[in-house]
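Trainee: In the working numbering, the protein residues as written are 8 to 537. Heads up, the beta-carbon is just placed ideally off N, CA and C, and yes, glycines get one too.
1. Only counting the same chain, and skipping five residues up and downstream in sequence, which positions put a Cβ closer than 7 Å to that of residue 87?
2. Tell me whether the stretch 167-175 and the stretch 514-527 touch, counting them as touching only if at least three CB pairs, one residue from each stretch, are closer than 8 Å.
3. Count the C-beta pairs between the stretch 333-351 and the stretch 185-197 that are closer than 8 Å, then say yes if the count reaches three, no if not.
4. Apart from the five residues just before and just after residue 13, which ones in its own chain have a Cβ nearer than 8 Å to its Cβ?
5. Looking at the secondary structure, which residues open and close the alpha helix (DSSP H) in which residue 236 lies?
6. Tell me the DSSP bridge mates of residue 114?
7. Counting along the chain, where does the beta strand (DSSP E) carrying residue 506 start and finish?
8. For the beta strand (DSSP E) that residue 435 lies in, which residues bound it at each end?
9. Drop a sphere of 10 angstroms on the beta-carbon of residue 198, count the other beta-carbons inside from all chains shown, and report buried for 16 or more, exposed for fewer.
10. Using beta-carbon positions only, say whether residue 284 and residue 132 come within less than 8 Å of one another.
11. Are there 16 or more other CB atoms within 10 angstroms of the CB of residue 418, so buried, or fewer, so exposed?
12. Quick check for students: name the residue ranges of the beta strand (DSSP E) that lie wholly in the stretch 11-69, counting only runs of 3 or more.
13. So residue 290 and residue 307 are in contact, right, with Cβ under 8 Å, and what is the actual spacing, rounded?
14. Distance check for residue 55 and residue 48, CA to CA, integer angstroms please.
15. Answer yes if the stretch 239-257 comes into contact with the stretch 209-222, meaning at least three C-beta pairs across the two stretches below 8 Å, and no otherwise.
16. Could you check whether residue 438 and residue 509 sit closer than 8 Å to each other, using their CB atoms as the reference points?
17. Excluding the 5 residues flanking residue 232 on each side, which residues of the same chain have their C-beta closer than 6 Å to its C-beta?
18. Leaving out five residues on either side along the sequence, give the residues of the same chain with a beta carbon under 7 Å from the beta carbon of residue 103.
19. May I ask which residues mark the beginning and end of the alpha helix (DSSP H) holding residue 225?
20. According to DSSP, is residue 401 helix, strand or coil?
21. With DSSP as the reference, identify every bridge partner of residue 178, one or two as the case may be.
22. Less than 8 Å separating the beta-carbons of residue 505 and residue 432?
23. Could you pull out every residue in the same chain whose Cβ sits closer than 7 Å to the Cβ of residue 309, ignoring the five residues on either side in sequence?
24. Classify residue 538: buried if its beta carbon has 16 or more other beta carbons within 10 angstroms, exposed otherwise.
25. For residue 254, name the three-state secondary structure that DSSP assigns.
26. Give me the Cα-Cα distance between residue 336 and residue 58, rounded to the nearest whole angstrom.
27. Does DSSP classify residue 342 as helix, strand or coil?
28. Alpha helix (DSSP H) containing residue 337: first to last residue?
29. Can you tell me whether residue 458 is helix, strand or coil according to DSSP?
30. Who does residue 248 pair with in a DSSP beta bridge?
31. Buried or exposed, going by whether 16 or more other CB atoms sit within 10 Å of the CB of residue 162?
32. Return the CA-CA distance between residue 327 and residue 218, expressed in angstroms with no decimal places.
33. Report the three-state DSSP secondary structure of residue 4 (helix, strand or coil).
34. Please identify the residue among 466, 126, 484, 46 whose C-alpha is closest to the C-alpha of residue 157.
35. Which of helix, strand or coil does DSSP assign to residue 419?
36. How should residue 583 be labelled, buried or exposed, when 16 other C-beta atoms within 10 angstroms of its C-beta is the threshold for buried?
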């Protein structure tokens, strides 16, 4: 089989997956299905590889080439066939939809756009989609001024990225003709928060809310409601839909900042007829700096949609992915000047053990604790053990070190930060692990001489973490919460005033994200309630 024949075999397969019936010219029957792809269709300039018919009307052409062919130079050939005279086709206008394809790569152009520009697509469109586009007086891309495929919104944490996005979604649905928009997040908690903000969004000049005018679905299964106009989904779940395997729900709980485990998987996204590439007109990627690399980029490459990225911490890769098309920028400094956020001070607490580690002598009696069950046994060390600060709270726990850090924080808050404050400010402590969080909680309660309600854990492994988070946000207690990753990025807790890092801060981006938990502005009445 020749290389071109192999490519056509793959093209046939992809067309059939998208719902097209393939026919040879000599056996053509345009009434056999909604979408017919006719091979070797005669024209007055020679046979076209494929002519696409929808409801007996010729709407498109495919120029097939062998694998590894550069497709851009082929565009003129496709255009020639699109403008040629076809048998059984009375229309004088050129065919609207142009494709160049190998067995691996597909380029698409809609020549009705003001400045037709080809783009790479993951797969062929369904006949129903081309029928819908063909019947429209103009295209979505025609209605957008510059037809830019990717846009980046850079806004400081706490400045209202989600609110801005919902405003954009409303306008795109109502004035740009968008049919469905995907709001992509990287944790289930951020998905819940986004859904709450959509429901709380009151339409300007109306007495109704967003969800009363448009159907909003947060995906908790692998089924997309055909009536949904806004779909909120984790990128992990969408990846599972497109790779055809069920997701472990715990994978949706951990931010992509926090884990590399899933990114080691090699399962490739493949075409899913139930979720075709044209399923969404726009994809808004919340905290996009975490979702555009490695494994997850496949999800964004799959859909033929405009991408809008939201982030407070872009880096060079983020700017590169979005073609340096920054459409809005609002810095942390500007947000402080505008009263949207507040300033902050940094205090460093350093212990000798954190800095240099310590030594356990041989035959010394110490507690040994099982990592899983946390059961303790009193036993002697077999040999001398020197541990570093990096091993602290992982392989070795030193309660004295935890106690000294909590005492130092308490003293700084009471004497320097809020010397006239009677109440303990809402405080969030970042722990290294779930076990480390438990150790911190016990020590906080001891140092502050308070009960269980005063300090609680807000992690995905905790019992009913959403309820604890809600109480932390809205109620007097808990005053101090300890987390590993659940509130690290994106989650709003406006009354928060103190952040304590008892773990490494891995990057500048991660620091900026976590800092954002504590710089939200809050009115006196709201603060007084908690």
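Mentor: So, from the listed chains and residues:
1. Sequence index remark: in the chain shown, residue 87 carries index 80 (1-based). If we look at residue 87 and ignore the five residues flanking it on each side, its Cβ neighbours are 52.
2. no
3. no
4. Walking along the chain shown from the start, residue 13 turns up at place 6. Closer than 8 Å at Cβ, skipping near neighbours: 73, 74, 110.
5. In the chain shown, residue 236 corresponds to position 229, counting from 1. Segment: none, residue 236 is in no alpha helix (DSSP H) and carries neither H nor E.
6. As a working mapping, residue 114 is identified with position 107 in the chain shown. Per DSSP, 107, 127.
7. Position 499 of the chain shown, counted from the first residue, corresponds to residue 506. 505-508 is the span of the beta strand (DSSP E), which, as asked, contains residue 506.
8. Residue 435 sits at position 428 when you count from the first residue of the chain shown. 434-437 is the extent of the beta strand (DSSP E) around residue 435.
9. Here residue 198 refers to the residue found at position 191 of the chain shown. With 16 or more other Cβ atoms within 10 Å, it is buried.
10. Along the chain shown, read from residue 1 onward, the residue named residue 284 stands at position 277. Along the chain shown, read from residue 1 onward, the residue named residue 132 stands at position 125. Contact: yes.
11. As a position in the chain shown, residue 418 is number 411, starting the count at 1. It counts as exposed.
12. 28-31, 42-48, 55-61
13. Residue mapping note: residue 290 aligns to position 283 of the chain shown, counting from 1. Residue mapping note: residue 307 aligns to position 300 of the chain shown, counting from 1. That pair is a contact at about 7 Å.
14. For the purposes of this step, residue 48 is identified with residue 41 of the chain shown, where counting begins at 1. For the purposes of this step, residue 55 is identified with residue 48 of the chain shown, where counting begins at 1. So the two alpha carbons sit approximately 5 Å from each other.
15. no
16. Taking the chain shown and counting its residues from 1, the one referred to as residue 509 is at position 502. Taking the chain shown and counting its residues from 1, the one referred to as residue 438 is at position 431. Against a cut-off of 8 Å, the Cβ pair of residue 438 and residue 509 comes out as a contact.
17. Position 225 of the chain shown, counted from the start, is the residue given in the question as residue 232. Taken in chain order, the residues that qualify are 224.
18. As a position in the chain shown, residue 103 is number 96, starting the count at 1. Taken in chain order, the residues that qualify are 66, 67, 117, 118, 119, 141.
19. For the purposes of this step, residue 225 is identified with residue 218 of the chain shown, where counting begins at 1. Per DSSP, residue 225 belongs to no alpha helix (DSSP H); it is in the beta strand (DSSP E), 223-225.
20. Within the chain shown, numbered from 1, the residue matching residue 401 stands at position 394. In this structure, residue 401 counts as coil in the three-state DSSP scheme.
21. In the chain shown, residue 178 corresponds to position 171, counting from 1. Its beta-bridge partners do not exist; DSSP assigns none.
22. Position 498 of the chain shown, counted from the first residue, corresponds to residue 505. Position 425 of the chain shown, counted from the first residue, corresponds to residue 432. It is a contact, given that the beta carbons lie within the stated cut-off.
23. In the chain shown, counting from the first residue as 1, residue 309 sits at position 302. So the qualifying residues of the chain are 129, 249, 276, 284.
24. A query on residue 538 cannot be resolved here, the shown segment of the chain reaching from 8 to 537 and no further.
25. Translated into positions along the chain shown, residue 254 becomes position 247. Coil, per DSSP.
26. Along the chain shown, one-based indexing puts residue 336 at 329. Along the chain shown, one-based indexing puts residue 58 at 51. Answer to the nearest angstrom: the Cα atoms are 45 Å apart.
27. By one-based count along the chain shown, residue 342 stands at place 335. Looking at residue 342 - three-state DSSP - the assignment turns out to be helix.
28. Walking along the chain shown from the start, residue 337 turns up at place 330. From DSSP, residue 337 is part of no alpha helix (DSSP H) but of the beta strand (DSSP E) over 333-337.
29. Here residue 458 refers to the residue found at position 451 of the chain shown. Of the three classes helix, strand and coil, the one that applies to residue 458 here is coil, per DSSP.
30. What you label residue 248 is simply residue 241 of the chain shown in a count that begins at 1. BP columns for residue 248 are empty, so no partner.
31. To locate residue 162, count along the chain shown from 1; it is residue 155. Classification for residue 162: buried.
32. Sequence index remark: in the chain shown, residue 327 carries index 320 (1-based). Sequence index remark: in the chain shown, residue 218 carries index 211 (1-based). Roughly 34 Å between the two C-alpha positions.
33. Residue 4 falls outside the range modelled here, since the chain spans only 8 to 537, and no answer is possible.
34. Taking the chain shown and counting its residues from 1, the one referred to as residue 157 is at position 150. Ranking the options by Cα distance to residue 157, first place goes to 126.
35. Within the chain shown, residue 419 is the residue found at index 412, counting from 1. Residue 419: helix per DSSP, three-state reduction.
36. Only positions 8 to 537 of the chain appear in this structure, which leaves residue 583 out of reach.
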